[in-house]
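Engineer: Taking numbering that gives the first Met the number 0, the leading residue of the sequence shown gets 0, the next gets one more, and so forth.
Positions of the beta carbon are idealized from the N, C-alpha and C atoms, including for glycine.
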Amino acid sequence: MSAAGSPAAVAPVRPGVAAAHPTTAGAGANVLRHGGHAVDAAVAMVLVSCAAETLFTGLSGGGFAVVHDAGTGETTCVDFFVAVPGLGERRAGRGVPIEVYLGGHPVPYEIGPATVAVPGVPAGVRHLWQRWGRTDWASLVEPALLASYGTPFPLTHAQLLPSITEAMCAGEGAKVFCRPDGTLLQAGDPLVHPEHWRAFELLKDSPEAFYSGPYADAVLAAVADGGGLSATDLAAYRVRESPAAEVALDLPDGRVRALARGDDMDDVLATLASAARTSHGDPVTDPAAACALVEALRAHPRLSDTTNVCAVDADGNACVATTSLGLGSSVYVPGYGVHLNSMLGEGELVRGEPVPGQRVNSMMSPMVVLDDAGRLRLVAGAAGGSRIRPALVQTVLRMLRGTPPQEAIDRPRLAALPGGHVRLEPGFSPEVLEALVAAGSTVFETERQLPFFGGVSAISPLGAGADPRRSGEWVLVED
Numbered sequence: 000m001s002a003a004g005s006p007a008a009v010a011p012v013r014p015g016v017a018a019a020h021p022t023t024a025g026a027g028a029n030v031l032r033h034g035g036h037a038v039d040a041a042v043a044m045v046l047v048s049c050a051a052e053t054l055f056t057g058l059s060g061g062g063f064a065v066v067h068d069a070g071t072g073e074t075t076c077v078d079f080f081v082a083v084p085g086l087g088e089r090r091a092g093r094g095v096p097i098e099v100y101l102g103g104h105p106v107p108y109e110i111g112p113a114t115v116a117v118p119g120v121p122a123g124v125r126h127l128w129q130r131w132g133r134t135d136w137a138s139l140v141e142p143a144l145l146a147s148y149g150t151p152f153p154l155t156h157a158q159l160l161p162s163i164t165e166a167m168c169a170g171e172g173a174k175v176f177c178r179p180d181g182t183l184l185q186a187g188d189p190l191v192h193p194e195h196w197r198a199f200e201l202l203k204d205s206p207e208a209f210y211s212g213p214y215a216d217a218v219l220a221a222v223a224d225g226g227g228l229s230a231t232d233l234a235a236y237r238v239r240e241s242p243a244a245e246v247a248l249d250l251p252d253g254r255v256r257a258l259a260r261g262d263d264m265d266d267v268l269a270t271l272a273s274a275a276r277t278s279h280g281d282p283v284t285d286p287a288a289a290c291a292l293v294e295a296l297r298a299h300p301r302l303s304d305t306t307n308v309c310a311v312d313a314d315g316n317a318c319v320a321t322t323s324l325g326l327g328s329s330v331y332v333p334g335y336g337v338h339l340n341s342m343l344g345e346g347e348l349v350r351g352e353p354v355p356g357q358r359v360n361s362m363m364s365p366m367v368v369l370d371d372a373g374r375l376r377l378v379a380g381a382a383g384g385s386r387i388r389p390a391l392v393q394t395v396l397r398m399l400r401g402t403p404p405q406e407a408i409d410r411p412r413l414a415a416l417p418g419g420h421v422r423l424e425p426g427f428s429p430e431v432l433e434a435l436v437a438a439g440s441t442v443f444e445t446e447r448q449l450p451f452f453g454g455v456s457a458i459s460p461l462g463a464g465a466d467p468r469r470s471g472e473w474v475l476v477e478d
């Protein structure tokens, strides 16, 4: 019997969490230990990430969640991503061009009030809790409130920060991401947003205040000089639900169904199905599998950054949520310390003429996989903009073929880039490199694993995993 067909592969998924920061994971695990629903754990982790992972996400960002209800067997997608402003009297001006570096390449970008879209995180986490939660709301916000006073800055964040200083360290950001002497934060330094705690106190007591009232007024004042966001846009924002899209994948031990939102920009589900059909070996050592994987992944890369959380509770309910701030607009809400999103500054996210009220495009694709009997096989999500798809496809395929989550996440990854380029982490065999070159690709091998290759978190019957590329951590909780 193959590893994928072993008894362990069809055993129940143990309750646990996986996230991109130790403090984030710890908050979710504590919720599960006290009997919380998987959604409760995910909500707590999303909120903590808004304080501890502010290179990637924040209270003014947006996201998507996939919730699997073990009792009904239903899998629901929840869309709380950012929306295009412009429903009111304001019209956006022009963003401020800057240059940032991802994966060693300069990438044009814009910041400033004109790049701020309608936020979705406050409405999204509240909706998730009201729909599925069973833990007191205030207790879910409390860990984020505590984290807002300071959390250790992870090594991988410190390594990434020099590449994105123009976005993160402009204006008020210098007080957050720089030491008192003006040098950048280093690993282990406390990450603190001045007055950030006020936003979490407000969320705990008056969640609706993020869309009307003094906080909303402060947001509108912050973007008054050139921003398109208005009170009408905030009042009109709504969270959306939809049934999950799915694809069938044939494995040696039977068919499974992968479920996700299905309308992401990079079509993760179709790519996963294509890679499952054509890339049968290990791409790290098998040249044919590597070439087939690259063909399945060919797409234009886009700039964005994100974080992801996964949770499974003792009843078999699951929630995967991915959120993002973009790289941040460098505009902060006075009195609350909240960094406003820059989603409208990511030119490749906004295709065609933006329509006020519509959602901004996104590559996010949190996912669950079920077997033919409807039993949970795995949950997974990835962060990293255009690297979400390659990171998720490679990791999920490895897990479905019997690899434990952490090992599947740790294995080297590749990313197919425009112009026939392929970027790989160290560890691919010489034969794979030669085959990719022979197939017409220009191959670049990095010196070490990088956040560029995405951050995956996942849980399966074989355990849990969180990406070392993002200083991730996982916790399994005893029933």
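With DSSP as the reference, please indicate the residues paired to Ala257 in a beta bridge.
Structural biologist: Position 258 of the sequence shown, counted from the first residue, corresponds to residue 257. Ala257 is bridged to Val246, Val368.
Engineer: Could you tell me which of Ala69, Met398, Tyr331, Arg422 sits nearest to Gly529, measuring between CA atoms?
Structural biologist: Since the first and last residues shown for the chain are 0 and 478, residue 529 lies out of range.
Engineer: Measure from the alpha carbon of Val81 to the alpha carbon of each residue in Leu233, Leu46, Lys174, then state which is nearest.
Structural biologist: Residue 81 sits at position 82 when you count from the first residue of the sequence shown. The residue with the shortest Cα to Cα distance from Val81 is Leu233.
Engineer: Roughly how many whole angstroms lie between the Cα atoms of Leu391 and Ala381?
Structural biologist: Taking the sequence shown and counting its residues from 1, one reaches residue 391 at position 392. Taking the sequence shown and counting its residues from 1, one reaches residue 381 at position 382. Taking the straight line joining both Cα atoms gives about 6 Å.
Engineer: Residues bridged to Ala320 by DSSP?
Structural biologist: Start at 1 with the first residue of the sequence shown, and residue 320 comes out as number 321. BP columns for Ala320 point to Ala64, Val308.
Engineer: With DSSP as the reference, please indicate the residues paired to Thr74 in a beta bridge.
Structural biologist: Taking the first residue of the sequence shown as position 1, residue 74 is located at position 75. In the DSSP output, where bridge partners are listed per residue, Thr74 has His67.
Engineer: Excluding five sequence neighbours on each side, which residues of the same chain lie with their C-beta closer than 7 Å to the C-beta of Thr22?
Structural biologist: Residue numbering aside, residue 22 sits at position 23 when the sequence shown is read from its first letter. The residues are Val47, Ala51, Ala146, Thr150.
Engineer: In terms of residue numbering, what span does the beta strand (DSSP E) encompassing Ser459 cover?
Structural biologist: Residue mapping note: residue 459 aligns to position 460 of the sequence shown, counting from 1. Its beta strand (DSSP E) spans residues 454–459.
Engineer: Quick one: measure Cβ to Cβ for Ala64 and Ala41, integer angstroms, because I've assumed they're closer than 8 Å.
Structural biologist: Along the sequence shown, read from residue 1 onward, the residue named residue 64 stands at position 65. Along the sequence shown, read from residue 1 onward, the residue named residue 41 stands at position 42. About 7 Å; that satisfies the 8 Å criterion.
Engineer: Within 10 angstroms of the Cβ of Tyr236, are there 16 or more other Cβ atoms? Answer buried if so, exposed if not.
Structural biologist: Your numbering for residue 236 matches position 237 in the sequence shown. Label assigned to Tyr236: buried.
Engineer: Taking Phe443 as the reference, which of Ser323, Glu352, Leu268, Leu432 has the closest Cα?
Structural biologist: Start at 1 with the first residue of the sequence shown, and residue 443 comes out as number 444. The option with the nearest alpha carbon to Phe443 is Leu432.
Engineer: Thinking C-alpha only, which one of Ala223, Arg412, Pro417 is nearest Arg397?
Structural biologist: Numbered from 1 along the sequence shown, position 398 holds the residue referred to as residue 397. Of Ala223, Arg412, Pro417, the residue nearest in Cα terms is Arg412.
Engineer: Please report how far the alpha carbon of Val267 lies from the alpha carbon of Ser273, in whole angstroms.
Structural biologist: Locating residue 267 in the sequence shown gives position 268, counting from the first residue. Locating residue 273 in the sequence shown gives position 274, counting from the first residue. Those two C-alpha atoms are separated by around 10 Å.
Engineer: Three or more C-beta pairs closer than 8 Å, one from the stretch 304–311 and one from the stretch 185–200: is that the case here?
Structural biologist: Taking 8 Å as the limit for Cβ pairs, the verdict is that the stretch 185–200 does not touch the stretch 304–311.
Engineer: State buried or exposed for Pro11, treating a residue as buried only when at least 16 other CB atoms are found within 10 Å of its CB.
Structural biologist: Translated into positions along the sequence shown, residue 11 becomes position 12. Exposed, by the Cβ-count rule.
Engineer: Hey, how far is the Cα of Pro333 from the Cα of Val218?
Structural biologist: The residue given as residue 333 occupies position 334 in the sequence shown. The residue given as residue 218 occupies position 219 in the sequence shown. Roughly 8 Å between the two C-alpha positions.
Engineer: Taking 9 Å as the cut-off, decide whether the C-beta atoms of Leu271 and Ala257 are in contact.
Structural biologist: To locate residue 271, count along the sequence shown from 1; it is residue 272. To locate residue 257, count along the sequence shown from 1; it is residue 258. Cβ distance < 9 Å, so Leu271 and Ala257 count as in contact.
Engineer: Between the beta-carbon of Thr155 and the beta-carbon of Pro450, is there less than 9 Å?
Structural biologist: Along the sequence shown, read from residue 1 onward, the residue named residue 155 stands at position 156. Along the sequence shown, read from residue 1 onward, the residue named residue 450 stands at position 451. In contact: Thr155 and Pro450 (Cβ atoms closer than 9 Å).
Engineer: What number of angstroms, rounded off, separates the C-alpha of Lys203 from the C-alpha of Gly453?
Structural biologist: Within the sequence shown, numbered from 1, the residue matching residue 203 stands at position 204. Within the sequence shown, numbered from 1, the residue matching residue 453 stands at position 454. For Lys203 and Gly453, the distance between alpha carbons rounds to 31 Å.
Engineer: Terminal residues of the continuous beta strand (DSSP E) containing Ala381?
Structural biologist: One-based indexing of the sequence shown puts residue 381 at position 382. Where Ala381 is concerned, the enclosing beta strand (DSSP E) stretches over 375–382.
Engineer: Just to confirm before moving on: does the CB-CB distance between Leu416 and Arg422 stay below 9 Å?
Structural biologist: Translated into positions along the sequence shown, residue 416 becomes position 417. Translated into positions along the sequence shown, residue 422 becomes position 423. The answer is yes: Cβ separation under 9 Å.
Engineer: Just curious, the alpha helix (DSSP H) that Glu141 is in, first and last residue?
Structural biologist: Taking the sequence shown and counting its residues from 1, one reaches residue 141 at position 142. Segment 136–146, the alpha helix (DSSP H) holding Glu141.
Engineer: Could you work out which residue in Asp78, Val474, Pro142, Asp466 is closest to Glu406 when comparing CA atoms only?
Structural biologist: Counting from one through the sequence shown, the residue named residue 406 turns up at place 407. Among Asp78, Val474, Pro142, Asp466, the Cα nearest to that of Glu406 is on Asp466.
Engineer: DSSP state of His338, grouped into three classes?
Structural biologist: Mapped onto the sequence shown, residue 338 falls at position 339. Reduced to three states, the DSSP call for His338 is strand.
Engineer: Between the Cα of Pro118 and the Cα atoms of Gly325, Glu240, Leu201, Arg297, which residue gives the shortest distance?
Structural biologist: Taking the first residue of the sequence shown as 1, we reach residue 118 at position 119. The residue with the shortest Cα to Cα distance from Pro118 is Gly325.
Engineer: Less than 9 Å between the beta carbons of Leu31 and Gly15, yes or no?
Structural biologist: In the sequence shown, counting from the first residue as 1, residue 31 sits at position 32. In the sequence shown, counting from the first residue as 1, residue 15 sits at position 16. For Leu31 and Gly15, yes; Cβs fall inside 9 Å.
Engineer: Excluding the 5 residues flanking Phe152 on each side, which residues of the same chain have their C-beta closer than 8 Å to its C-beta?
Structural biologist: One-based indexing of the sequence shown puts residue 152 at position 153. Within the same chain, Phe152 has close Cβ partners Leu184, Gln185, Ala186, Gly187, Asp188, Pro189, Leu190.
Engineer: Secondary structure at Tyr214, three-state DSSP: helix, strand or coil?
Structural biologist: Looking up residue 214 in the sequence shown gives position 215. Three-state DSSP puts Tyr214 in a helix.
Engineer: From the DSSP secondary-structure annotation, give me the bridge partner or partners of Val99.
Structural biologist: Translated into positions along the sequence shown, residue 99 becomes position 100. For Val99, which the question treats as bridged, DSSP gives the partners Val106.
Engineer: Going by the CB atoms, is the gap between Asp265 and Arg358 shorter than 9 Å?
Structural biologist: Working through the sequence shown from its first residue, we reach residue 358 at position 359. Working through the sequence shown from its first residue, we reach residue 265 at position 266. Cβ distance not < 9 Å, so Arg358 and Asp265 don't count as in contact.
Engineer: Do Arg13 and Ile496 have their beta-carbon atoms positioned less than 9 Å apart in this structure?
Structural biologist: It is not possible to answer for residue 496, since the shown part of the chain is limited to 0 through 478.
Engineer: Please classify Val117: does DSSP put it in a helix, a strand, or coil?
Structural biologist: On the sequence shown, position 118 is the one that residue 117 refers to. Three-state DSSP puts Val117 in a strand.
Engineer: Residue range of the alpha helix (DSSP H) that Arg197 falls in?
Structural biologist: Taking the first residue of the sequence shown as position 1, residue 197 is located at position 198. It spans 195–204 - the alpha helix (DSSP H) in which Arg197 sits, taken as one unbroken run.
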